[in-house]
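Residue numbers (my numbering), protein chains in the order written: chain B, 555 to 829; chain U, 9 to 392. What follows is a single structure, written as C-alpha cells, with notes after it.
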C-alpha cells in the first residue's frame, strides 16, 4: 500500500466521526497527527494493535479522529491509564499524546515515574509552550520573559526542558523534533514506537493564536521559521556549547535497559514455581 | 468425595483479597496507606501466581487511572485505599462512572477530615463514597462488617460492577480491616462470578454506548477488534463527544436508569429479629455487629428489638428501610459519624416513626452496651 496522504487518510481517519476537528487553522497538532500516522504506518502494526490515548487540552482531541483503540482520559493522567492498559494487554502498542501543561504540570509526577519505571510506552508530547485550549495561560515550558494570559507583564518563572527531564528520569529513548522538521519527526516517532521501553518524543509546535499573538510571532509561518532557525541537529553537536536561544533535535538518548513487562514476567514465573 | 474447606484465621483486609481473586480480579494498582496496605501487600504476593499484575503507583490518582486502563483492556481491576487516598481517586473514579468502566475501590475508612486519625475506625466517608466525584453520577456503595462479608461482598462488588458497568465502592473500616476471625474460604461452586457482556455483533455493527433496554451496553476490550472511542466527555452512542442537548440528556438518563433498573438486585440488606420488632436499629459496617449484639441483649430483657443491616448503602435501600419504618415505633441509627445514613433514613420515613441518632466520632467503636442503653431509653420513652 502506498503512503500517499489520501491513502493514509482513508486508512486511518475515522469515517464515522463528524469532522471538522477542533484545532485552529495552521495549528501544529495536525502536522503531528499526520506524522504520527505515517510513523505508525511504517511500523506495519495493525490498527487493532494500537492504543492511542491522550489527556486534556488541544492535543487531547487527537484520538477522537483516528481509527485505533482510542481513549481520551483526564488532565495529566494519560500515562496512568496507559500503564494499566499496557500491563493488562502487553501485546498492544500504547501511545500517549500529551501537551506540555498536560504532561509536565498536572501530569508531571506521572511523567517522571513512567520514565523511571521503563514500561514499554510511547509518550508524544506536543510542546507549544502555552495552555492553548483554556486561553493562553503560561505552562511549565513558557520561556521566561514571554507573555501569557496569566503573565501579561512577562513570565518570571523558568521553563522545563521536557527532553532533559525525561533523560534524567530514566527514559530508555528520548528525542526532540519540531513541526517544521516533519521528515525527522516521522522517523523519530517510528523509532519511539518500535523501542521496547519508555520512549518519549518532544515536539515543538506552534500555537500562534495563544502564544504567538502575545509574543510577536502571530502566524504559523513566523513560528515555523523560528523552529527552523533555532534547531540544531544533535548528532552534529560536538563539544561546543549551545547558544541560549538554540535547542537540539534528533535522538537525544537511546539506551538498552530491563523493561517492566519482561521483569514482571520473571516475577510471575517465580511465583508459579517455574524457572 | 468432598473435602471440608480449610478453616483459616483471616483479617478483613486479607478476606477482601481472597474475595477479589475469587471474583476474577487480575489487576491491582495502589499506593500505600494505613489501614488499607495489607490489601495491596497480599495482592502483590498473590497476583503473579494467578497470572495477574500488581503495580504500586506514584500516588492514588495514578492508581485509579491504571485501574481504569486495565479494565478497559478487559481485565477485572481494583484498588484499595483510605480517606486521604480516596479523595485523590475521585477524579478518575468520575471518569469510570462517565465512561462506564467496571472497577472496585476499597476504602478502609479511618477518622477524618484530612489526614485525620491514623488509625482508628470511623464511617465519615459514607457520603463521599456516594458524592465524592463531581457531576450527577450513579455509583454503588457496599459496607463491610465481618471477615465473611469481606469475602462475599467483594465478590458481589465485582459482579455488580461487571453487570452494570459502574464502579463499586467497598466501605470497610479500621476495625473490620484488622479484626481476625476464622473463615473457611468457599469452593468456587459456592459463589457466582459475573463477567461483563462483550459484543457478539460484527465490529462494524458495534455501538459502544448503545441505549438498549437494560441501559448497559456491551463492552469490548481494547485490542479485541472492536475499535472505538472512550472519553470522559459527554458522548453520543458511538462514543464521540457531543454538545447536542437531546444526546446529553439521553446519555445521563441512561446512566441513572441502568442502576434504578437493578434496584432489586443491588440493594442488599439483612433482617435480624425484625418480624415482631417495635424498635429497630438500622446499621452498617462494624457498627452493625455491635448492633446485633445489642438487639440480642435487648431481647433478653423483653424489649422487642430488631436490626436491619445495610450491605448496600447506595443506591439507598429505601424499600427495606420503608418496611422497617412502617412497622416500628422508633428506629435507631448508630453511626461512627454525625449521621450520614440517618439522613437517608429520614428521607425514606413517611410515617410517624421516630428516628433516633447515636453518633460517636472520637475514634472509638460503638459498643453493644451503648446501643443497648439507647434502646432501653427508647423503650422507656415509648408509647407516644
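Note that beta-carbon positions come from the ideal geometry of N, C-alpha and C, so glycine has one too. Here the structure is a predicted model, which is why all the values come from computation and not from measurement.
Other residues of its chain near residue i: CB distance less than 6 Å, five sequence neighbours each side excluded
i, result
"residue 391 of chain U", "A caution first: residue 391 of chain U carries a pLDDT of 46, below 50, which makes its placement in the model too unreliable to give a value."
"residue 774 of chain B", "580, 760, 762"
"residue 382 of chain U", "340, 366"
"residue 387 of chain U", "311"
"residue 116 of chain U", "43, 44, 90, 180, 185"
"residue 697 of chain B", "713"
"residue 141 of chain U", "98, 101, 102"
"residue 676 of chain B", "649, 746, 747, 753"
"residue 817 of chain B", "none"
"residue 572 of chain B", "none"
"residue 591 of chain B", "562, 566"
Strand pairing of residue i, partner residues [DSSP]
i, result
"residue 338 of chain U", "U:287, U:362"
"residue 623 of chain B", "B:605"
"residue 180 of chain U", "U:116"
"residue 21 of chain U", "None, per the DSSP bridge assignment."
"residue 617 of chain B", "Looking at the DSSP assignment, residue 617 of chain B forms no beta bridge with any residue, so it has no partner."
"residue 189 of chain U", "U:18"
"residue 86 of chain U", "U:36, U:112"
"residue 122 of chain U", "Answer by DSSP bridge pairing: none, since residue 122 of chain U is not bridged."
Short Cβ contact (9 Å threshold) for residue i with residue j
i, j, result
"residue 63 of chain U", "residue 637 of chain B", "yes"
"residue 752 of chain B", "residue 672 of chain B", "yes"
"residue 256 of chain U", "residue 174 of chain U", "no"
"residue 628 of chain B", "residue 108 of chain U", "no"
"residue 81 of chain U", "residue 226 of chain U", "no"
"residue 21 of chain U", "residue 50 of chain U", "yes"
"residue 661 of chain B", "residue 630 of chain B", "yes"
"residue 757 of chain B", "residue 678 of chain B", "yes"
"residue 716 of chain B", "residue 599 of chain B", "no"
"residue 216 of chain U", "residue 236 of chain U", "yes"
"residue 589 of chain B", "residue 743 of chain B", "yes"
"residue 177 of chain U", "residue 113 of chain U", "yes"
"residue 330 of chain U", "residue 313 of chain U", "no"
"residue 16 of chain U", "residue 190 of chain U", "yes"
Same chain only: Cβ atoms within 7 Å of residue i, ignoring 5 sequence neighbours per side
i, result
"residue 734 of chain B", "778, 781, 782"
"residue 389 of chain U", "none"
"residue 270 of chain U", "172"
"residue 42 of chain U", "90, 126, 127"
"residue 808 of chain B", "727"
"residue 72 of chain U", "87, 97, 100, 101"
"residue 791 of chain B", "802"
"residue 319 of chain U", "150, 151, 161, 276, 277, 278"
"residue 702 of chain B", "684, 690, 691, 692, 696, 709, 768"
"residue 377 of chain U", "none"
"residue 293 of chain U", "131, 151, 152, 153, 179, 181, 184"
Cβ neighbour criterion (16 or more within 10 Å) applied to residue i
i, result
"residue 14 of chain U", "exposed"
"residue 157 of chain U", "buried"
"residue 206 of chain U", "exposed"
"residue 740 of chain B", "buried"
"residue 153 of chain U", "buried"
"residue 710 of chain B", "exposed"
"residue 643 of chain B", "buried"
"residue 577 of chain B", "buried"
"residue 35 of chain U", "buried"
"residue 283 of chain U", "exposed"
"residue 574 of chain B", "exposed"
"residue 569 of chain B", "exposed"
"residue 170 of chain U", "buried"
"residue 616 of chain B", "buried"
"residue 136 of chain U", "buried"
"residue 358 of chain U", "exposed"
"residue 640 of chain B", "buried"
"residue 796 of chain B", "exposed"
"residue 827 of chain B", "exposed"
Anticipated Cβ contact below 8 Å, residue i with residue j, distance rounded
i, j, result
"residue 653 of chain B", "residue 613 of chain B", "4 Å"
"residue 788 of chain B", "residue 766 of chain B", "About 26 Å; that fails the 8 Å criterion."
"residue 530 of chain B", "residue 646 of chain B", "Limits of chain B in this structure are 555 at one end and 829 at the other, which puts residue 530 of chain B out of reach."
"residue 188 of chain U", "residue 300 of chain U", "So it is not a contact: roughly 19 Å between Cβ atoms."
"residue 722 of chain B", "residue 695 of chain B", "Not a contact, Cβ separation roughly 16 Å."
"residue 119 of chain U", "residue 106 of chain U", "Not really, about 31 Å apart at Cβ, beyond 8 Å."
"residue 315 of chain U", "residue 289 of chain U", "5 Å"
"residue 32 of chain U", "residue 201 of chain U", "6 Å"
Residue i CB to nearest heavy atom of the ligand FMN below 8 Å
i, result
"residue 138 of chain U", "The ligand content of the structure shown is nil, which means the ligand FMN is not present either."
Neighbourhood of residue i by C-beta, 8 Å cutoff - its chain only, sequence neighbours within 5 removed
i, result
"residue 784 of chain B", "799, 800, 801"
Under 7 Å from the C-beta of residue i: neighbouring residues of chain A
i, result
"residue 230 of chain U", "In the structure shown, chain A does not exist; the protein chains are B and U."
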